[in-house]
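The next block holds one structure in the form of C-alpha cells; read it before the comments.
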Amino acid sequence: MNPRTVRRRTLASAAVLLSGALLAACSSDTPLDAPAAASGSTETGGDKPSKFFERSEYKRQLALARETPRGPAGRPWEQMLEPQMTSTAQYKKKGSGGVHLCFSNAGVFNPWRQVGLKTMKAEVRLHKDISDFTVLDAQGKDDKQISDIQELAGSKDCDALVVSPNTTATLTPAVKEACDKLPVIVFDRGVETDCAVTFVNPIGGYGYGAVAADFLVDKVEPEGKILALRISPGVDVLETRWSAAKLAFDKSELDVADVKFTDGDPAKTKSIVADAISRHGSIDGVWMDSGATAVAAVEAFEDAGVDVPPITGEDQQDFLEAWKDKKLTAIAPTYPTFQWRTPVIAALRVLDGKPVPKEWKLPQPTVTQANLDEYLRDGMPPLHYAMCGCQRMPGYPGDWGGKK
Amino acid sequence: MTTATATGATYKRVVRSLGTGAPVYALLAVLLVLLAVTDIGFYEPDRFLAFVKRAAPLVILAAGQYLVIVCGEFDLSVGAIVTAGVVAAAEVYGSFPDAPWLIVASGLLLAGALAGLVNGLITTWLRVPSFITTLGMMLILEGAVFYWTGGSPHGQLPQDFRQLGRGTALGWLPWAVVACLAAGALAVLLMRSDFGRTLVATGDSERTAALSGVRVHRARVIAFVLSGVAAALAAVLVGGFSGVSAQAGRGYEFEAITAVVLGGVVLGGGRGSVVAAMAGAFSLQALFTLLNLRGVSGALESTVQGVIVIAAVGIGAADWSRLRRRRTNSSGGTPT
Numbered sequence: 001m002n003p004r005t006v007r008r009r010t011l012a013s014a015a016v017l018l019s020g021a022l023l024a025a026c027s028s029d030t031p032l033d034a035p036a037a038a039s040g041s042t043e044t045g046g047d048k049p050s051k052f053f054e055r056s057e058y059k060r061q062l063a064l065a066r067e068t069p070r071g072p073a074g075r076p077w078e079q080m081l082e083p084q085m086t087s088t089a090q091y092k093k094k095g096s097g098g099v100h101l102c103f104s105n106a107g108v109f110n111p112w113r114q115v116g117l118k119t120m121k122a123e124v125r126l127h128k129d130i131s132d133f134t135v136l137d138a139q140g141k142d143d144k145q146i147s148d149i150q151e152l153a154g155s156k157d158c159d160a161l162v163v164s165p166n167t168t169a170t171l172t173p174a175v176k177e178a179c180d181k182l183p184v185i186v187f188d189r190g191v192e193t194d195c196a197v198t199f200v201n202p203i204g205g206y207g208y209g210a211v212a213a214d215f216l217v218d219k220v221e222p223e224g225k226i227l228a229l230r231i232s233p234g235v236d237v238l239e240t241r242w243s244a245a246k247l248a249f250d251k252s253e254l255d256v257a258d259v260k261f262t263d264g265d266p267a268k269t270k271s272i273v274a275d276a277i278s279r280h281g282s283i284d285g286v287w288m289d290s291g292a293t294a295v296a297a298v299e300a301f302e303d304a305g306v307d308v309p310p311i312t313g314e315d316q317q318d319f320l321e322a323w324k325d326k327k328l329t330a331i332a333p334t335y336p337t338f339q340w341r342t343p344v345i346a347a348l349r350v351l352d353g354k355p356v357p358k359e360w361k362l363p364q365p366t367v368t369q370a371n372l373d374e375y376l377r378d379g380m381p382p383l384h385y386a387m388c389g390c391q392r393m394p395g396y397p398g399d400w401g402g403k404k
Numbered sequence: 001m002t003t004a005t006a007t008g009a010t011y012k013r014v015v016r017s018l019g020t021g022a023p024v025y026a027l028l029a030v031l032l033v034l035l036a037v038t039d040i041g042f043y044e045p046d047r048f049l050a051f052v053k054r055a056a057p058l059v060i061l062a063a064g065q066y067l068v069i070v071c072g073e074f075d076l077s078v079g080a081i082v083t084a085g086v087v088a089a090a091e092v093y094g095s096f097p098d099a100p101w102l103i104v105a106s107g108l109l110l111a112g113a114l115a116g117l118v119n120g121l122i123t124t125w126l127r128v129p130s131f132i133t134t135l136g137m138m139l140i141l142e143g144a145v146f147y148w149t150g151g152s153p154h155g156q157l158p159q160d161f162r163q164l165g166r167g168t169a170l171g172w173l174p175w176a177v178v179a180c181l182a183a184g185a186l187a188v189l190l191m192r193s194d195f196g197r198t199l200v201a202t203g204d205s206e207r208t209a210a211l212s213g214v215r216v217h218r219a220r221v222i223a224f225v226l227s228g229v230a231a232a233l234a235a236v237l238v239g240g241f242s243g244v245s246a247q248a249g250r251g252y253e254f255e256a257i258t259a260v261v262l263g264g265v266v267l268g269g270g271r272g273s274v275v276a277a278m279a280g281a282f283s284l285q286a287l288f289t290l291l292n293l294r295g296v297s298g299a300l301e302s303t304v305q306g307v308i309v310i311a312a313v314g315i316g317a318a319d320w321s322r323l324r325r326r327r328t329n330s331s332g333g334t335p336t
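Protein sequences, first through last, are from chains A and B.
The opening position of the first sequence corresponds to residue 1 in UniProt numbering, with each subsequent residue numbered one higher.
The opening position of the second sequence corresponds to residue 1 in UniProt numbering, with each subsequent residue numbered one higher.
And the structure:
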C-alpha cells in the first residue's frame, strides 16, 4: 500500500466521521422560539398521553387562564395570577446610593430573547434609582452561566441578581449558592429549587397549546384534517403545548392527519406543508407549537393554489401582517416577551422590602381577530414580537428596530 | 471468449464513465423508486418540479462546494453566506423598498464573489488551512449579521425579488429549476474546460501541477470565488422560497459537503465528478422528502440520515479503491 492510498483511506474515514457528526449536529441544533419554561419533575404513569404530561399542572394552567389577574389593567407585566405573597423585609437595602442590578442571561440566540432583552434594558432606564445594570451573556452555555452567576454573586457588588437559566437541572446548584449571598429572582425558565425570592413566568405551555387547539376545534368542520407542526421533540415547554392540544383534539371530532417536526426552519416547513396537502388532498387546519414558521406554512397553501385553512401562530410581526393582509382565519397564543420587564420591577420591590408573590404568574394574552389591530404596528421588523409591552416605552419603535 | 472480453471492456467503460459516482447514482435511483412506492403522486409533473425546486439551492451549493473540494480545500462559509445574503437583501429593501430586484440580486452575487475572493487569498497567500479560513469567515459573517440586525432583520423581500425562488416561468416551470439547470450546465462546461482539468490536477498533486506550469494559487482562488457566487445564488433562491429568516442558511455548509461526499468526491481533492456531487445533493433532498413522507419521527430522522450517509460513502470507498488498484495493476497505471 503506497502512502497515497493511506492518505486517501484516512481522508475517506475522516469524511465519514465528519459527515455523520455534522448531520447529527445540524439537525439537533434546533432554534427555539420560546425558551423552556418552568419544569418541575414530571411524574409518570396513569392515563397520560406523554411522559411530559402532568394532569394537575394542566388543570391548574387552564384554571389560571380563566382567572382575572390582580394588578393594573393594561400593564400585564405588573399583574399577578393567584399570588401567594412572601415577605422580603430581610432583603431591604440598607444605606443610600443607587441600586446595582445584575442579570445572568442564558443568551440572546433567538429573536424572542432579542426583543426581551431590549425591553428589559428599556425597563431599567425607566428607574432612576438603578445606578448600574450589569448583564452577563452565557451564550447558551451552561458552564459559562455557572461561572457568570458565581462572578456576579461573589466578587461584584450586586444588590440583587436576576437569572434566566439556560437549562433547568444544571443551573440549580449555582442558583442555590447565589441565594445564600443575595436576593435572587429567576424568570422565564425555572430551576429545581425554591430558594429564589420569586420566580416570574407566564401561565405556561398547556395554556398556550389548549388555546390554539380549541380555536381549531371551533373553526374547523368535524372530520376536518389537522396538520400539527412542531419545532422539535423533547423540549418540555413545547411538549406541554402539544400534549394539551392532543388532549383537545382527541376529545373533538377532528382528525389529526400528521404531526411533523420543522426544526423551526421556514424552507423545511414549506416543504412539509406542501407534501401534506398533496398527500391528504386537503388540510383543513394547521396547529403550531410556535409561530416563527407560520408565514412559510401560509405560503405553502398559496403556492399550492388552495385557500389557507384556519391556522394558529404567534405574536411575531410577519405572521400578524400576513394575517391582516391575507384576511386569514387565525389566532395567536403568546409566550409574552413583556415578562422581561417584570424581574426588574420585582427586584426593586424586594430591595424596598415590599412583599412579592413566591411564584409571580403573569397573564398570557392571546391575539385574536378582535384585538389584532391593537398589537399590529406597521414598520416593525418581521421577527419582532408584538407582546413586548414596550409600545409606550421611551425609544419605541426605533430601539426595537421599527420605523418612527 | 471475444464476447467476454467485449463485455468486460463495455463494463469497464461504463464503470469509468460513472467514475467514483456510481454509488450515488445507485442510491439516487433507489430513493426515487422508494418515493414512487411511498407516494404514487410524486411523479406528477407539478410535484416533481416542486421537488427539484426545493433541491435547487442545495444542488447549486454542492456544485460550488465541489469546485473547492476537488482542488483540495473546504468551504465552510457557504451557509453563513446564504444567511448573510437573505438578511442583507431584506435590510436593503427595508431602506430602499423600490430597489430593482436585478440590482439587488447582482449586488448579492458580487458580495458572494468578494467573500470567496477573501477566502481564497487568505488560504493561498497566508497559507491558512481553508478549514480554518472558511470557519473564520463563517463566524465573522454570522456575528456581523447578528450585530447588524440584532437578530431580527428589517424589511420584507418584495414579490419580484422572490420570483426566482417562488415563481414559475410559462406558468409551470419554476424559475429555481431553470437556475439550477443553468448552474449545473455551467459547472459541467467549466469542468470540461482547461480550467477544470487544472483544478483537478491541483487537487490531485499540487506539486506535480505546479511543476507542469499550473498556477495553483490562482486556480484555488477562482474555485473559492465561484463557490461564493454559488452560495449567493442559493441565497437568492432560499430567500425567494421561504422569505426573511435569520437562520436561512443554517447547516447548509454541512449539507453541501455531505452531498459532495455522497457523490464520491474524495476529500483532499483530485477525484470525483461535479455531476455526481449534484446527484449527491438530489439524493440528500430525496432522502429528506422520503423520511417526511414516511412519517419518520423528527428524533429518528437524523439517525437515518447518518446511517445512509455512512453506508453510501463506506460502500463507495471500499469497492472503488480496490477496483482502482486492480485496474492500475493490469493496465500499467493509466491515469483515471
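All C-beta atoms, glycine included, are put in the ideal place defined by N, C-alpha and C.
The structure displayed is predicted, hence computed values, not measured ones.
Rounded to the nearest angstrom, the gap between the Cα atoms of B/Gly-79 and B/Ile-69 is 16 Å. At a cut-off of 8 Å between C-beta atoms, A/Pro-381 counts as an interface residue with respect to chain B. The Cβ of A/Gly-107 sits no closer than 8 Å to any Cβ of chain B. For the pair A/Cys-158 and A/Cys-179, the CB atoms are not nearer than the 8 Å cut-off. Rounded to whole angstroms, B/Leu-108 and B/Arg-162 show a C-alpha spacing of 14 Å.
Taking 8 Å as the CB threshold, B/Phe-282 stays off the interface with chain A. Relative to A/Tyr-91, the option among A/Lys-144, A/Thr-198, A/Glu-54 whose CA is nearest is A/Thr-198.
If you ignore the 5 residues before and after A/Thr-366, its C-beta comes within less than 7 Å of the C-beta of Val-211, Ile-331, Ala-332, Pro-333, Thr-334, all in its own chain and listed in chain order.
Sixteen is the threshold: since fewer than 16 other Cβ atoms of the shown chains lie within 10 Å of the Cβ of A/Asp-373, the residue is exposed.
In this structure, DSSP gives A/Gln-150 a helical state, which the three-state scheme calls helix. For A/Ala-228, the enclosing beta strand (DSSP E) begins and ends at 225 to 230. Contact annotation: in the stretch 139 to 155 of chain B, residues whose CB is within less than 8 Å of a CB in chain A are Thr-149, Gly-150, Gly-151, Ser-152, Pro-153, His-154, Gly-155. If you compare the alpha carbons of A/Val-200, A/Gly-95, A/Val-108, A/Arg-113 with that of A/Ala-347, the shortest gap goes to A/Val-200. In the DSSP annotation of this structure, the continuous segment of the alpha helix (DSSP H) that includes B/Met-138 starts and ends at 130 to 149.
Interface flag for B/Ser-242 against chain A is set, since a Cβ pair is found closer than 8 Å. Around B/Arg-207, no beta-carbon contact reaches into chain A at under 8 Å, the shortest distance being about 13 Å. Taking 8 Å as the cut-off, the beta carbon of B/Ala-89 is found closer than this to the beta carbon of B/Leu-157. The continuous beta strand (DSSP E) containing A/Trp-360 extends over residues 359 to 362.
Close to chain B, meaning a Cβ-Cβ distance shorter than 7 Å, is no residue of the stretch 128 to 140 of chain A at all. Asp-258, Val-259, Lys-260, Phe-261, Thr-262, Asp-263, Gly-264, Asp-265, Pro-266, Ala-267, Lys-268, Thr-269, Lys-270, Ser-271, Ile-272: these are the residues of the stretch 255 to 273 of chain A whose beta carbon lies less than 9 Å from some beta carbon of chain B, given in chain order. Within chain B, Gly-243 have C-beta atoms less than 7 Å from the C-beta of A/Val-295, given in sequence order. Beta-bridge pairing by DSSP links A/Lys-260 to A/Leu-229.
With three or more CB-CB distances shorter than 8 Å, the stretch 158 to 171 of chain A counts as touching the stretch 129 to 149 of chain A. Residue nearest to B/Phe-282 within the set B/Gly-295, B/Gly-270, B/Leu-262 is B/Leu-262 (criterion: CA-CA distance). Residue contact with chain B for A/Pro-394: absent (no Cβ-Cβ distance below 8 Å to any residue of chain B). Neighbours of A/Asp-214 in chain B, taken as residues at a C-beta separation under 7 Å, are lacking, since the least C-beta distance is about 25 Å. At a C-beta separation below 7 Å, A/Arg-377 has no neighbours in chain B, since its nearest C-beta there lies roughly 14 Å away. DSSP, read as helix, strand or coil, puts A/Ile-185 in strand.
A distance below 6 Å between beta-carbons, with the five flanking residues on each side excluded, links A/Phe-133 to the following residues of its chain, in chain order: Leu-101, Val-124. Of all residues in the stretch 26 to 46 of chain B, those with a C-beta nearer than 9 Å to a C-beta of chain A are Asp-39, Gly-41, Phe-42, Glu-44, Asp-46, reading in chain order. A/Arg-66 counts as exposed, since fewer than 16 other C-beta atoms from the protein chains shown sit within 10 angstroms of its C-beta. In this structure, the beta-carbon distance from A/Ile-277 to A/Ala-304 falls below 8 Å. The straight-line gap separating the alpha-carbon atoms of A/Ala-292 and A/Val-237 is approximately 15 Å.
For B/Ala-56 and B/Ser-205, the gap between their C-alpha atoms comes out near 32 Å. Between the stretch 307 to 322 of chain A and the stretch 378 to 385 of chain A there are three or more C-beta pairs closer than 8 Å, enough to call the two in contact.
In the DSSP assignment, A/Met-80 forms a beta bridge with A/Arg-70.
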